[in-house]
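Undergrad: Okay, here's the structure, questions in a sec.
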Amino acid sequence: MAAVTISNDPCLLCELAAHRDDPGDTWVLSEDRWFAGVLPGYEAPGWVVCGMRRHGEGPDSMNPVEAAEFGVVVQRVSAAIREATGAERIYLIAFGEHFPHLHFMLVPRPPGGPDDPRGVAHLARREELRDPVRATETANLIRSILNGSRNPEIS
Ligand SMILES: [Zn+2]
Numbered sequence: 368m369a370a371v372t373i374s375n376d377p378c379l380l381c382e383l384a385a386h387r388d389d390p391g392d393t394w395v396l397s398e399d400r401w402f403a404g405v406l407p408g409y410e411a412p413g414w415v416v417c418g419m420r421r422h423g424e425g426p427d428s429m430n431p432v433e434a435a436e437f438g439v440v441v442q443r444v445s446a447a448i449r450e451a452t453g454a455e456r457i458y459l460i461a462f463g464e465h466f467p468h469l470h471f472m473l474v475p476r477p478p479g480g481p482d483d484p485r486g487v488a489h490l491a492r493r494e495e496l497r498d499p500v501r502a503t504e505t506a507n508l509i510r511s512i513l514n515g516s517r518n519p520e521i522s
């Protein structure tokens, strides 16, 4: 079986981060050291990719300032996603296999019955849940919520 090679040159997430001053409709957060928005191919409402602005590979690549801000970014964006979507759970996912640039996904899981997909079964519904129009509308709402609760300790 042939090895799967994924091109990451140039780094897709560095390319996305470079456009932070030209955010379009899908950015929800643009800080000096972090960005967050809708990731192309993952346009399910409320699904947000957050990444470190500079290129670093893996959680151990964060410097002390980035490491301190990481938790604040996770909390703020997660709270905004919950408020925007009414999610019962917010999943925090980071593998770094396809794009080694340090990033993580925040994925809302709506309230549901005991037989509704949870965990990786919910993530597997990505194509079924894709709705770029609603994803953009939800991103706009998340951005508005974040702009109303801007943390002055991160600039
Ligand atoms: Zn990168």
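The sequence shown: position 31 = 398 (our numbering), numbered continuously. Idealized CB from N, CA, C, for every residue including glycine.
1) For residue 500, which option in 476, 425 and 405 has the closest C-alpha, if you only look at C-alpha atoms?
2) Give the DSSP-derived three-state secondary structure of residue 510 in the structure shown.
3) Alpha carbons only, please: which of 426, 508 and 378 is nearest the one belonging to residue 449?
4) For residue 371, count the other beta carbons within 10 Å of its own beta carbon; 16 or more makes it buried, fewer makes it exposed. Which is it?
5) Who are the near neighbours of residue 502 in its chain, counting only those whose CB is closer than 8 Å to its CB and skipping five residues on each side?
6) Could you check the C-alpha separation between residue 418 and residue 467 for me, to the nearest Å?
7) CB of residue 468 to nearest heavy atom of ligand 1: below 7 Å?
8) Classify residue 369 as buried or exposed, calling it buried when 16 or more other Cβ atoms lie within 10 Å of its own Cβ.
9) Could you tell me if residue 462 is buried or exposed, where buried requires 16 or more neighbouring beta carbons within 10 angstroms of its beta carbon?
10) Buried or exposed, going by whether 16 or more other CB atoms sit within 10 Å of the CB of residue 457?
11) Between residue 483 and residue 454, what straight-line distance do the alpha-carbon atoms span, to the nearest angstrom?
12) Taking the DSSP output, what are the residues bridged to residue 396?
TA: In this structure, then:
1) Position 133 of the sequence shown holds residue 500. When only C-alpha atoms are compared, the closest one is 405.
2) Here residue 510 corresponds to residue number 143 of the sequence shown, with the count starting at 1. Residue 510 falls in the helix class under three-state DSSP.
3) For this step, residue 449 is matched to residue 82 along the sequence shown. Minimum Cα distance to residue 449 is reached at 508.
4) Residue 371 sits at position 4 when you count from the first residue of the sequence shown. With a pLDDT of only 44 at residue 371, under the threshold of 50, the placement of this residue in the model should not be trusted, and no figure is reported.
5) Your numbering for residue 502 matches position 135 in the sequence shown. The residues are 393, 405, 410, 411, 412, 413 and 414.
6) The residue given as residue 418 occupies position 51 in the sequence shown. The residue given as residue 467 occupies position 100 in the sequence shown. Going from the Cα of residue 418 to the Cα of residue 467 covers about 11 Å.
7) In the sequence shown, residue 468 corresponds to position 101, counting from 1. Checking every heavy atom of ligand 1 against the Cβ of residue 468, one is found closer than 7 Å.
8) Position 2 of the sequence shown holds residue 369. Note that residue 369 scores 46 on pLDDT, short of 50, meaning its location in the model is unreliable; the coordinates nonetheless yield the value given after this. Residue 369 comes out exposed.
9) Working through the sequence shown from its first residue, we reach residue 462 at position 95. The residue in question, residue 462, is exposed, as its Cβ has fewer than 16 Cβ neighbours within 10 Å.
10) One-based indexing of the sequence shown puts residue 457 at position 90. Residue 457 comes out buried.
11) By one-based count along the sequence shown, residue 483 stands at place 116. By one-based count along the sequence shown, residue 454 stands at place 87. Each residue's Cα considered, the two are about 14 Å apart.
12) Within the sequence shown, residue 396 is the residue found at index 29, counting from 1. DSSP lists 403 as partners of residue 396.
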